[in-house]
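Each remark here refers to the structure printed beneath this line.
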Amino acid sequence: MTTRLANLRVGAGISTRRSGLAATEDALGAALAPLDGAIPDLAFLFVAPQFEDELESIIESANASLGGGTLLGCVAGGVIGGAREVEDAPAVSAWAATLPGVRVRPFTLTYAEEEEHGVFDGLEEVPTRAPDSVLVMLADPYTFPAHLLLDHLNEHAPGLPVVGGMASGGIVAGRTRLIADDEILTEGAIGAILEGAHGATAVVSQGCRPVGETFAITRAERNVVFELGGQPALKRVEELYTTATERDQLLMRRGLHVGQATTELKPELGRGDFVIRNLVGVDRDTGADARTGARQAGSRCASLFVQWARSGIVRSAGPRHRCGKARVR
1 MTTRLANLRV
11 GAGISTRRSG
21 LAATEDALGA
31 ALAPLDGAIP
41 DLAFLFVAPQ
51 FEDELESIIE
61 SANASLGGGT
71 LLGCVAGGVI
81 GGAREVEDAP
91 AVSAWAATLP
101 GVRVRPFTLT
111 YAEEEEHGVF
121 DGLEEVPTRA
131 PDSVLVMLAD
141 PYTFPAHLLL
151 DHLNEHAPGL
161 PVVGGMASGG
171 IVAGRTRLIA
181 DDEILTEGAI
191 GAILEGAHGA
201 TAVVSQGCRP
211 VGETFAITRA
221 ERNVVFELGG
231 QPALKRVEEL
241 YTTATERDQL
251 LMRRGLHVGQ
261 ATTELKPELG
271 RGDFVIRNLV
281 GVDRDTGADA
291 RTGARQAGSR
301 CASLFVQWAR
311 SGIVRSAGPR
321 HRCGKARVR
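Read left to right, the sequence shown gives residues 1 to 329 (the numbering used here).
Rendered as structure tokens:
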């Protein structure tokens with residue numbers, strides 16, 4: 001995202017030190033260095049699950065270093081900083097920016113179902129119709145249906161850019177950790193509205209490529225898919241793995257993702273036609289798999305796996321200054 005590049009300052013850092021506090025100090029130090037002593041308007045902190053027991057002290061230290069700037073983040077299964085990516089190992093990644101002329105308004109949201117409809121608590125306080133705004137958000141995949149919020153915003157705040165992701169650090173419900181300034185939340189969503197972000201642009205790396213067939217979701221409940229094309233979802237995944245190339249099998253072992261078609265009208269689906277979700281677990285007794293985001297029977301989906309595509313995001317950005325990046329998976 002870019003805005004008023006002449007005055008914008010952005011920094012990013014990553015550390016793999018064995019102490020969570022030490023790693024946070026290193027990562028934030030690298031992220032704050034390009035700001036030349038200025039207090040960041042917005043900062044992100046992504047912490048590996050290995051440091052979860054230190055999270056309170058990590059956040060306290062981070063807020064002290066930021067000097068009052070808005071802090072958002074989460075515990076994440078994989079973190080990235082600069083050109084380095086760390087998965088399944090202790091690490092902390094930080095990103096910080098000064099945003100001149102931009103007002104950063106943090107928020108927290110929760111979701112509850114009441115009778116025949118759902119309610120997003122806290123949304124009424126988010127100025128989604130402010131001009132030249134961008135909404136940045138991180139959400140818990142188990143308790144927050146981000147797709148319903150996007151549907152609401154598409155109807156009531158059309159044109160509002162929404163960027164962010166689903167927190168991946170908690171492998172079961174209740175283990176997600178979201179960071180909102182000095183708070184640690186285990187459900188809902190956290191984020192900020194950036195008011196006055198004139199000229200802001202969001203770019204997305206392809207990140208994944210499809211493998212195998214595209215199936216209809218023939219049985220699903222919330223974020224759990226029981227059947228794909230009339231067969232147990234786990235059976236479809238196992239069939240895909242056994243017929244994949246050796247390289248594809250290696251990539252699938254590193255992390256299998258799925259995508260749901262964004263339209264039912266196109267006869268041929270390709271790049272840009274799927275919303276990518278994490279595969280967060282499987283139940284061998286039922287053959288079901290659990291994914292971030294709800295699913296409805298009848299939707300088309302395809303299995304996808306992670307493929308690093310840095311060049312894709314650079315091409316998407318076009319001839320702009322690349323000021324910094326952060327990723328949550």
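The beta carbon of each residue, even a glycine, is placed where N, CA and C say it ideally should be.
Residue i burial status per 10 Å Cβ neighbour count (16 or more: buried)
i, result
"G77", "buried"
"A112", "exposed"
"A48", "buried"
"D140", "buried"
"G272", "exposed"
"W308", "Interpretation of W308 is limited by its pLDDT of 44, a score under 50 that renders its predicted location unreliable; the figure taken from the coordinates is listed afterwards. Under this definition W308 is an exposed residue."
"N154", "exposed"
"I179", "buried"
"H257", "buried"
"I276", "buried"
"P131", "exposed"
Residue from the options with nearest C-alpha to residue i
i, options, result
"D41", "I14, T24 and L8", "L8"
"A244", "D283, P210 and P267", "P210"
"V282", "L99, V237 and R177", "V237"
"D181", "A38, G37 and G68", "G68"
"S354", "E125, T263, V162 and E54", "A question about residue 354 goes unanswered here, because the residues of the chain that appear run from 1 up to 329."
"T110", "E264, G272, V258 and E187", "E187"
"P127", "L135, I276 and A220", "L135"
"V221", "L21, F44, Y142 and T176", "For the record, residue 221 in the displayed sequence is Glu; it is not Val. Of L21, F44, Y142 and T176, the residue nearest in Cα terms is Y142."
"G199", "L99, I39, Q50 and S57", "L99"
"F44", "K235, A261 and A167", "A167"
"K266", "L250, T214 and L279", "T214"
"L279", "E268, R254, T263 and G270", "R254"
"L21", "R84, S57 and V203", "S57"
"E52", "A202, E268 and R177", "R177"
"E124", "H156, R247, F46 and N223", "H156"
"P232", "R284, A31, E116 and D36", "R284"
"V172", "G37, I39 and N223", "N223"
Cβ shell of residue i (< 7 Å), same chain only, five flanking positions each side left out
i, result
"G82", "A12 and I14"
"A33", "G11"
"T286", "F226"
"L160", "T128, S133, L135 and L153"
"G122", "F107, T108, L109 and T110"
"G174", "T186"
Supposed contact pair residue j and residue i - C-beta distance, whole angstroms, cut 8 Å
i, j, result
"T86", "V79", "According to the sequence displayed, residue 86 carries Val and not Thr. Contact flag correct, Cβ pair sits at about 6 Å."
"M252", "A189", "That belief does not hold up - the Cβ atoms of M252 and A189 are roughly 29 Å apart, past 8 Å."
"I217", "L55", "Not really, about 36 Å apart at Cβ, beyond 8 Å."
"G191", "G169", "Actually they are not in contact, since the Cβ atoms of G191 and G169 sit about 17 Å apart, beyond 8 Å."
Residues near residue i by beta carbon distance below 8 Å, same chain, minus five either side
i, result
"T16", "A23, V86, A89, P90 and A91"
"N63", "L71, D181 and D182"
"E60", "D182"
"L228", "F215, A216, I217, T218, R236 and C301"
Residues of its chain near residue i, where Cβ-Cβ distance is below 6 Å and the 5 sequence neighbours each way are ignored
i, result
"S19", "none"
"G230", "T218"
"S65", "L28"
"F46", "G73, A76, V79 and S93"
"Q50", "P90"
Check: Is the segment 99 to 113 close to the segment 188 to 200, with three or more CB pairs under 8 Å?
Finding: Contact between the segment 99 to 113 and the segment 188 to 200 is present, because at least three Cβ pairs lie under 8 Å.
Next item on the list: May I ask you to verify whether the segment 86 to 102 touches the segment 25 to 33, counting CB pairs closer than 8 Å and requiring at least 3?
Entry: The segment 86 to 102 vs the segment 25 to 33: in contact.
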